[in-house]
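First the structure, in the form of structure tokens, and then the observations on it.
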Amino acid sequence: MIKDFILPDIGEGIVECEVVEWKVKEGDIIAEDQVVVDVSTDKAIVEIPSMYHGKVTRLYHGEGDIAQVHTPLFAIELEGEDETSSNEDTKTEAPAPAVQTSTATTDTAPEALETEDLTTGKVLSTPAVRRMAREKAVDLSAVTGTGKDGRVLKEDLLGYLSAPAEQASSATPAPSATNTGDRVEAIKGVRKIMAERMAESVATIPHFTYVDEVDITDLAELRAELKERYAADGIKITMMPLFIKAMSLALKQYPIINSRANADFTELTYLSSHNIGMAVDGKTGLLVPNVKDCQQRSILDIAQEVARLTESARSGKINPEDLKNGTISLSNVGAIGGIAATPIINKPEVAIVALGRVQILPRFDEQGNVLARKIMTVSWSGDHRVIDGATMARFSNLWKQYLEKPSSMLVDMI
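Residues in the sequence shown are numbered consecutively from 1, following the numbering used here.
Here is the structure:
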């Protein structure tokens with residue numbers, strides 16, 4: 001009996017996803033719970049397992065194709081089933097996939113029947129990548145693979161080709177090959193979804209930006225003390241949990257900053273949970289996992305959660321639940337460079353802040369003496385339909401007070 005395997009509801013209102021990589025090919029015998037395909041949502045790559053044991057008779061999509069939720073993904077001939085002995089519906093929808101996700105960049109060449117991993121010597125790659133390597137006269141053993149088990153992805157090969165000449169010296173260029181021409185790359189996966197969401201945010205939300213300076217000299221000293229004190233316990237204390245806890249305390253007094261409007265902008269909901277997101281430069285692009293219920297967490301608890309989320313995003317594996325239901329976002333762009341920015345709101349949130357690079361700058365004390373202080377520029381973007389400039393300034397001033405005088409947080413902490 002042949003059944004159509006229906007792409008299940010992946011959650012978060014997702015109606016379509018990209019087929020990233022088939023783990024099987026037509027004619028393969030698969031077991032129940034065996035992972036059949038990886039599909040990419042807006043934030044993560046989800047593994048789809050089979051419900052049944054049997055033979056794959058048809059793959060309805062090639063890698064790189066867009067598959068709609070609740071439509072056939074592949075067909076399977078069930079082992080031991082007699083097609084004439086059953087009148088049940090041949091279209092079976094799988095249960096929601098187990099939360100086994102990976103945000104690791106994957107080659108998404110559209111060749112539907114050339115998806116199995118092949119090796120040349122000890123190099124793991126796909127036929128599409130090997131073909132590209134032949135065309136560019138590149139020895140794949142010289143390319144560092146970032147995929148699973150060291151698999152060489154298309155992005156790895158393209159990055160190798162765009163590297164300085166001395167870094168790619170092991171390649172033997174063929175007379176007819178050239179690496180200096182323009183390169184066309186499809187916009188898909190996380191990059192595509194992020195572009196669509198950012199464009200929608202700018203088009204539908206009237207942004208305004210508020211910029212200020214924060215003296216974090218005392219906060220940096222506190223962080224150094226906490227870092228040394230808790231290092232033996234394996235707790236990594238960075239500045240981020242201090243920023244997050246201070247923000248949560250300020251949100252208690254300015255709950256409108258932690259609100260969201262409905263689709264037709266007729267209602268405003270003041271959210272009780274402070275799910276503060278932090279932008280992380282993941283392998284597939286920008287990810288914004290959030291620390292849930294910061295209003296109920298201690299600084300140490302937040303620090304452990306920040307470490308977990310950061311490691312998950314950067315290592316390539318993150319639970320989709322960690323990306324859901326954020327209420328306000330924080331982007332530490334200064335860790336890479338720059339002192340100010342105009343961040344785009346992560347819709348449906350109503351505010352976001354970008355932290356600039358910390359600079360040691362001269363400042364006057366109360367006696368007029370010049371001191372070296374650690375100064376950080378913060379750039380807020382707010383939804384002007386919800387937040388006026390004065391409210392944003394007062395909220396930022398309170399957050400700034402907590403950061404500049406960390407002891408002031410003790411009074412308001414639970």
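Every residue gets a Cβ at the ideal spot worked out from N, C-alpha and C, and that includes glycine.
Rounded straight-line distance, which links the Cα of T41 to that of E47
11 Å
Complete beta strand (DSSP E) runs within the stretch 249–311 (minimum length 3 residues, chain order)
259–261, 268–270, 276–278, 280–282, 285–287
Look at the alpha carbon of E16 and the alpha carbon of G334, and state the distance between them as a whole number of angstroms.
35 Å
S272 versus R229: straight-line alpha-carbon distance, rounded
32 Å
Boundaries (first-last residue) of the beta strand (DSSP E) holding Y402:
Premise fails: Y402 lies in the alpha helix (DSSP H), 389–404, not in any beta strand (DSSP E).
I'd like the list of long-range same chain contacts for G54, defined as Cβ closer than 6 Å, with 5 residues on each side in sequence excluded.
I76, E77, L78, E79
Among residues of its own chain, excluding the 5 on either side of L226, which ones have a beta-carbon nearer than 6 Å to its beta-carbon?
I237
Count the other C-beta atoms from every protein chain shown that fall within 10 angstroms of the C-beta of A354, then say buried if there are 16 or more, exposed otherwise.
buried
In chain order, which beta strand (DSSP E) runs of at least 3 residues are fully inside the stretch 4–71?
16–22, 35–40, 45–49, 54–59, 66–68
Can you find at least 3 beta carbon pairs, one from the stretch 311–328 and one from the stretch 278–294, that sit closer than 8 Å?
yes
G27 classed as buried or exposed, judged by whether at least 16 other C-beta atoms fall within 10 angstroms:
exposed
Report the residue from K245, R308, D383, G181 whose alpha carbon sits nearest the alpha carbon of T342.
D383
Can you tell which of I29, D33, E18, A31 has its C-alpha closest to the C-alpha of L73?
E18
How far does the beta strand (DSSP E) with L330 in it extend, from its first residue to its last?
328–331
Helix, strand or coil for S407, going by three-state DSSP, please let me know.
helix
Coarse secondary structure for K136, derived from DSSP in three states:
coil
Got a sec, what are the start and stop residues for the alpha helix (DSSP H) T209 sits in?
Looking at the DSSP string, T209 is not in any alpha helix (DSSP H); the run it does join, the beta strand (DSSP E), is 207–215.
Classify T266: buried if its beta carbon has 16 or more other beta carbons within 10 angstroms, exposed otherwise.
exposed
Do L361 and I318 have their C-beta atoms within less than 8 Å of each other?
no
With 16 other CB atoms within 10 Å as the buried threshold, where does G181 fall?
exposed
Give the DSSP-derived three-state secondary structure of R363 in the structure shown.
strand
Helix, strand or coil for V184, going by three-state DSSP, please let me know.
coil
Cβ-based neighbour list, W380, same chain, cut-off 7 Å, excluding 5 preceding and 5 following:
T209, Y210, A351, V353, M392, S396
Would you tell me roughly how many angstroms separate the C-alpha atoms of D365 and A246, rounded to the nearest one?
24 Å
Under three-state DSSP, which class holds R223?
helix
Once you ignore the five residues that flank E305 on each side, which residues in its own chain have a CB closer than 6 Å to its CB?
V291
Would you please state the rounded distance, in angstroms, between the beta carbons of I345 and S201? I believe it to be under 8 Å.
5 Å
In the DSSP assignment, what are the bridge partners of D383?
H207
Proximal residues to A261 (C-beta, below 6 Å), its chain only, five neighbours per side dropped
L268
Closest to L330 by CA distance: which of W399, A372, Q253, D264 is it?
W399
R58 versus Q34, D33, V20, I29, residue with shortest Cα-Cα distance:
I29
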